[in-house]
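Per my numbering, the very first residue in the sequence shown carries number 57; after that it's consecutive.
Idealized CB from N, CA, C, for every residue including glycine.
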Amino acid sequence: MLLMLAGLRPALLKHKLVNVLVEACLCSGAKDTTTNPGKPPKLSKKKWRKKFRNKPASNEHLPWEERLADAVTPLWRLSYYDQLQLKQKHQERILLQLSDQLLCGESTQHKALTQCPSPPRSTKLSFPLLPILPSPVRDGYRNKSTFSVNRGVDGNPKTVGFYVGTGKVGNIVCVNGDHLLNMPERHKLVARCYQDFLRLSALEPCLLFHDGGHWRETISGDLLPYLTSLINSSLTAGYVPSVFKRARVAPLLKKPTLDPSYVNNYRPVTVRTNAAGHTMAIIYFHPQRLTPEDIEVHKSSLVEYFTQGPGAICQLDSLYFQESSMTRCSHEESPYQLLHGQPQIHEEILGFKFRISADAFFQVNQGAADSLYRTVREMGLPNGAREGGGGGTLLDVCCGTGAIGITMSPRADRVIGIELIQQAVEDARHNAALNQIQNCEFLPGKAEVVLPGLMEVLGSTTDSGGPLTAVVNPARAGLHYRVIRTLRNHSSIRRLLYISCKPEGEAMRNFRELCCSPDPHRKLTGEAFRPTVAVPVDMFPHTPHCELLLVFER
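Next comes the structure, spelled out in structure tokens:
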């Protein structure tokens, strides 16, 4: 198990192991130079930490609430106007680096996945960067929140909230998030009620598997595909970052690919809401040595608490329960059990309805998602495409539950979506039927496996069937190299839209591969794309992050 090999506490994983893996693949110093004597020697562990780890100024003198707000919403002290200005300038710096690399003719051959940020040499972009689109809702915008459980400020181990502190110092505590600006009141209420339930329960929380306990935290469905794709991309590129060895996870990297179940991120309760206020809660449980009859008793107490007891104030529309005795498992292996209410809640984007299952991906900010998808629709299809088709074929890679393809379907003749997660594909098909959309089809599987064969079929049909446009919306790990190569080498794709929540990371590698000169050695033989316009969208107010839509043409 990765946790055992890394020698890390599960509760500290996101502070330690995730940081190790991300920095390993996002910094040029992460490449293993031990087998390349022509490169400088690798940094010592002490120097590596000093160079690559962010060391924010100490805020230990501040109240716990402010320290948590600084960690979760670092921009909360700024006016919203100043936040937007800061993000706009940050996106401009990122894109200036891309312009520098394209002007200098830098290719990605034999390079690490990306470069650590460096000051751009250019002062003017070679393509327009439009003003950032603000979020219609600035406070309480999140429609999904995940809470942790651990020792609180008062020492109570049954505290539900968010972590403050560092694993290195060993001063991590769990702090209530009632004051966080991005958290809706309904989510805070569910967290408080669940904390009260835990403190009334005779069962202990499962903080460490070997220490026992039952009310457990879960494997994160959001983080795992990112880390898995990130590591698999490293293996495909033919090197193992040396820092992986320092994290003592090298034995796992001997596998051809790393299964997501080897990496865990722990959360005790997930809360999802929609714009109408409907609420879903998901509780996670480790049975340990309890009998099925005992487990039923505790499930019944959970339902009673949230339907007839003090938790009834939450007015839950859906209450799910996931039971698992494994440290590594998928949601298919440990299915969600509906204890109360409806199996799904629904949300509306640009007039289309979407089903939200317990583990379905959906943008965390519904209002900003409206702005993002409207912009994608306007820029994605030819100017002549209007309602009723005429836009040719739209290829939606990493389509999730089909939101982009479905919202663009009225202007397209055909929409084809590809998605790795089977449940998301089923949701996408359901969403198309729910909206009476008949020109969308969704294919399950890895994009790097499905896309090459699909493009061979499309190559014979798009010649006479109108233009072919691609939209990609990958996780932070970016697109697999074979996906980029397939898109780059298919001459029928004249326009490609790339949506990234972290363009300075793995996405930058993808940008360079799309736009660099033809490189037969890496089988990038197609005509190069060029960026034509970029649009930032503020999906995450009070944080430094935003979504960036970058349009490529050739």
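For residue i, name the three-state secondary structure that DSSP assigns.
i           : result
residue 489 : helix
residue 416 : coil
residue 575 : strand
residue 403 : strand
residue 498 : strand
residue 560 : coil
residue 155 : helix
residue 369 : helix
residue 189 : strand
residue 184 : coil
residue 532 : coil
residue 587 : strand
residue 260 : coil
residue 133 : coil
residue 610 : coil
residue 229 : strand
residue 580 : strand
residue 411 : strand
residue 343 : coil
residue 428 : helix
residue 683 : The structure shown does not extend to residue 683, since the chain is modelled only from 57 through 610, so no value can be given for it.
residue 211 : coil
residue 508 : helix
residue 160 : coil
residue 364 : coil
residue 252 : helix
residue 390 : coil
residue 358 : helix
Against chain C, does residue i count as a neighbour if the rule is that its beta carbon must be under 8 Å from one of theirs?
i           : result
residue 475 : Among the chains of the structure shown, chain C does not appear; only one protein chain is present.
Just grab the DSSP bridge partners of residue i for me.
i           : result
residue 421 : 198
residue 217 : 204
residue 146 : Note: residue 146 sits in no beta bridge, so no partner.
residue 592 : 604
residue 526 : 451, 552
residue 513 : In the DSSP output, where bridge partners are listed per residue, residue 513 has none listed.
residue 396 : 375
residue 327 : 201, 337
residue 119 : According to DSSP, residue 119 bridges with nothing at all.
Should residue i be labelled buried (16 or more other beta-carbon atoms within 10 Å of its own) or exposed?
i           : result
residue 331 : exposed
residue 353 : exposed
residue 160 : exposed
residue 334 : buried
residue 202 : buried
residue 138 : exposed
residue 407 : exposed
residue 512 : exposed
residue 540 : buried
residue 283 : With a pLDDT of only 37 at residue 283, under the threshold of 50, the placement of this residue in the model should not be trusted, and no figure is reported.
residue 117 : exposed
residue 210 : exposed
residue 379 : buried
residue 477 : buried
residue 369 : exposed
residue 461 : buried
residue 349 : exposed
residue 529 : buried
residue 164 : Per-residue confidence for residue 164 stands at a pLDDT of 40, beneath the threshold of 50, marking its modelled position as unreliable; the derived number appears in the next sentence. Residue 164 comes out buried.
residue 504 : buried
residue 115 : exposed
residue 326 : buried
residue 547 : exposed
residue 134 : exposed
residue 531 : buried
residue 258 : exposed
residue 598 : buried
residue 475 : buried
residue 536 : buried
Does at least one heavy atom of the ligand NAP sit under 7 Å from the Cβ of residue i?
i           : result
residue 243 : This structure simply doesn't include the ligand NAP, nor any ligand for that matter.
Original post:
Can we say the stretch 182-194 touches the stretch 227-234, given the rule of at least three CB pairs closer than 8 Å?
Top reply: Because the criterion of three Cβ pairs below 8 Å is not met, the stretch 182-194 and the stretch 227-234 do not touch.
**OP:** Report yes or no: do the stretch 420-430 and the stretch 489-502 share at least 3 C-beta pairs separated by less than 8 Å?
**Re:** Result no; under three Cβ-Cβ pairs closer than 8 Å.
Original post:
Mind pulling the alpha helix (DSSP H) runs of 4 or more residues that sit fully within the stretch 447-492?
Top reply: For the stretch 447-492, whole alpha helix (DSSP H) runs of length 4 or above, ordered along the chain, are 459-464, 478-490.
Original post:
Is there contact here, the stretch 565-577 with the stretch 390-407, by at least three beta-carbon pairs under 8 Å?
Top reply: These segments do not touch.
Original post:
Does the stretch 340-356 touch the stretch 237-247, meaning 3 or more C-beta pairs lie closer than 8 Å?
Top reply: Put simply, the stretch 237-247 does not touch the stretch 340-356. Fewer than three CB pairs are less than 8 Å apart.
Original post:
Three or more beta-carbon pairs under 8 Å between the stretch 248-259 and the stretch 140-159, yes or no?
Top reply: Judged by pairs of C-beta atoms under 8 Å, the stretch 248-259 does not touch the stretch 140-159, as fewer than three such pairs exist.
Original post:
Between the stretch 444-453 and the stretch 204-223, do at least 3 Cβ pairs fall closer than 8 Å?
Top reply: Of all C-beta pairs linking the stretch 444-453 to the stretch 204-223, fewer than three are shorter than 8 Å, placing the two stretches out of contact.
Original post:
How about the stretch 546-564 and the stretch 573-581: do they share at least three Cβ pairs that are nearer than 8 Å?
Top reply: Taking 8 Å as the limit for Cβ pairs, the verdict is that the stretch 573-581 does not touch the stretch 546-564.
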